[in-house]
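Participant:
Numbering (my numbering), first residue to last: 130 to 326.
#1: Using 7 Å as the cut-off, classify the Cβ of residue 222 as near or not near the heavy atoms of the ligand NAD, replying yes or no.
#2: What does a CB cutoff of less than 6 Å around residue 234 pick up in its chain, not counting 5 residues either side in sequence?
#3: Which residue wins for smallest C-alpha separation from residue 182, given the options 316, 252, 242?
#4: Is it true that the CB of residue 310 sits closer than 8 Å to the CB of residue 274?
#5: Please report the distance separating the alpha-carbon of residue 252 from that of residue 317.
#6: Measuring only the C-alpha atoms, how far is residue 102 from residue 277?
#7: Enumerate in chain order the residues of its own chain whose CB-to-CB distance from residue 187 is below 7 Å, with the five nearest sequence positions on each side excluded.
#8: Take residue 201 and list the residues in its own chain whose beta-carbon comes closer than 7 Å to its own, dropping the five residues that flank it on each side.
#9: Along the chain, where does the alpha helix (DSSP H) containing residue 188 start, and where does it finish?
#10: Quick one: what does DSSP say residue 212 is sitting in, helix, strand or coil?
#11: Write down the C-beta distance between residue 197 and residue 226 rounded to the nearest angstrom, noting that I regard them as a contact closer than 8 Å.
#12: Is there contact between the segment 203-221 and the segment 254-269, where contact requires at least three CB pairs shorter than 8 Å?
#13: Give the DSSP-derived three-state secondary structure of residue 134 in the structure shown.
#14: Is residue 219 buried or exposed, if buried means 16 or more other CB atoms sit within 10 Å of its CB?
#15: Compare the C-alpha of residue 313 against each of 166, 250, 267, 322 and name the closest.
#16: Judging by CA-CA distance, which residue of 230, 300, 239 is the nearest neighbour of residue 192?
#17: Could you check whether residue 244 and residue 180 sit closer than 8 Å to each other, using their CB atoms as the reference points?
#18: Are residue 176 and residue 248 closer than 8 Å when you measure CB to CB?
#19: Just to confirm my understanding: we take residue 208, look at its own chain, exclude 5 residues before and 5 after, and list those with CB closer than 8 Å. What are they?
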C-alpha cells in the first residue's frame, strides 16, 4: 500500500516538475549551464593536478640529467687519476641514476600525452556544450516568436475592430518581437564568434 502511494506521489511530483520545465525552459537551461560549469571546474582541477605532476617530473628529469653529467665528469677525473675504486662506485651510481632517468622520462612522456588528450577532450566537451546551448536558445527564441504570432492571430480572428484600433498595438508587438529576435541573434553570433577564436 505504501509502495503504491509512493509511486503515486512520485508520479504527481514528476508531472509538477515537467509542467514547470515546460513553462520555463530558460530555467532548465540555466540549471544545465550551472551543472556543466561545476563539472568543468572539477575537470580543470584534475587537469591542473596532472600538469603539476608533469612539471614535477620535468624538474626531476632535468635535475637527474645534470647529476648524470656531473657523475660522468667525476668518473673520468677519478679514472685518469687512477682512483679506480671510487670511479667504479660512481659508475654504479651513474648506472642507477640513468635507469631512474629513463623511468622518469617515460613517466613524463606518458603524463604529458595524457594531459594533452584530456585537455583536447575538455575543449571538445565545452565546444559541444556551447553549440547545444546556442541551438536550444535559438529554438526558445523561435518558439517565443511563434507563440506571439499565434496570440496575435488569435486576437485578430476573435475581435472585430476598425482598421486603426489595434494597428498601433500590433505594430508595437512586432517591433518588440523584432528587437528580441535581433538581440537573441546578436548574442548567438557573439557566442559563436567567441568559440571560433
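Don't be surprised by glycine CBs; every beta carbon is placed ideally from N, CA and C.
Facilitator: Judging by the given coordinates:
#1: The ligand NAD is not part of this structure, which contains no ligands at all.
#2: As a first step, residue 234 is located in the chain shown; it is residue number 105 there, counting from the start. Excluding positions up to five away in sequence, the list reads 190.
#3: Sequence index remark: in the chain shown, residue 182 carries index 53 (1-based). The alpha carbon of residue 182 has as its nearest neighbour, out of 316, 252, 242, the alpha carbon of 242.
#4: Here residue 274 is taken as the residue at index 145 of the chain shown, counted from 1. Here residue 310 is taken as the residue at index 181 of the chain shown, counted from 1. Residue 310 is positioned such that its CB atom lies closer than 8 Å to that of residue 274.
#5: Locating residue 252 in the chain shown gives position 123, where the first residue counts as 1. Locating residue 317 in the chain shown gives position 188, where the first residue counts as 1. Between residue 252 and residue 317, the C-alpha separation is close to 19 Å.
#6: With the chain running from 130 to 326 in the structure shown, residue 102 is simply not present.
#7: To locate residue 187, count along the chain shown from 1; it is residue 58. Within the same chain, residue 187 has close Cβ partners 237.
#8: Your numbering for residue 201 matches position 72 in the chain shown. Excluding the 5 residues flanking it on each side, residue 201 has same chain C-beta neighbours closer than 7 Å at 223, in chain order.
#9: Here residue 188 is taken as the residue at index 59 of the chain shown, counted from 1. Where residue 188 is concerned, the enclosing alpha helix (DSSP H) stretches over 154-209.
#10: The sequence position of residue 212 within the chain shown is 83, counting from 1. Residue state, collapsed to three classes: coil.
#11: Looking up residue 197 in the chain shown gives position 68. Looking up residue 226 in the chain shown gives position 97. About 5 Å; that satisfies the 8 Å criterion.
#12: The segment 203-221 vs the segment 254-269: no contact.
#13: The count along the chain shown starts at 1 and reaches residue 134 at position 5. In the three-state scheme derived from DSSP, where H, G and I count as helix and E and B as strand, residue 134 is classed as helix.
#14: Counting from 1 along the chain shown, the entry for residue 219 is found at position 90. Buried, since its Cβ has 16 or more Cβ neighbours within 10 Å.
#15: In the chain shown, the residue the question calls residue 313 occupies position 184. Closest option to residue 313, Cα to Cα, is 267.
#16: The residue given as residue 192 occupies position 63 in the chain shown. Here the closest residue by C-alpha is 230.
#17: For the purposes of this step, residue 180 is identified with residue 51 of the chain shown, where counting begins at 1. For the purposes of this step, residue 244 is identified with residue 115 of the chain shown, where counting begins at 1. With contacts defined as CB atoms closer than 8 Å, residue 180 and residue 244 qualify as a contacting pair.
#18: Within the chain shown, the letter at position 47 stands for residue 176. Within the chain shown, the letter at position 119 stands for residue 248. A contact, by the Cβ cut-off of 8 Å.
#19: Counting from one through the chain shown, the residue named residue 208 turns up at place 79. Same-chain partners within the cutoff: 216.
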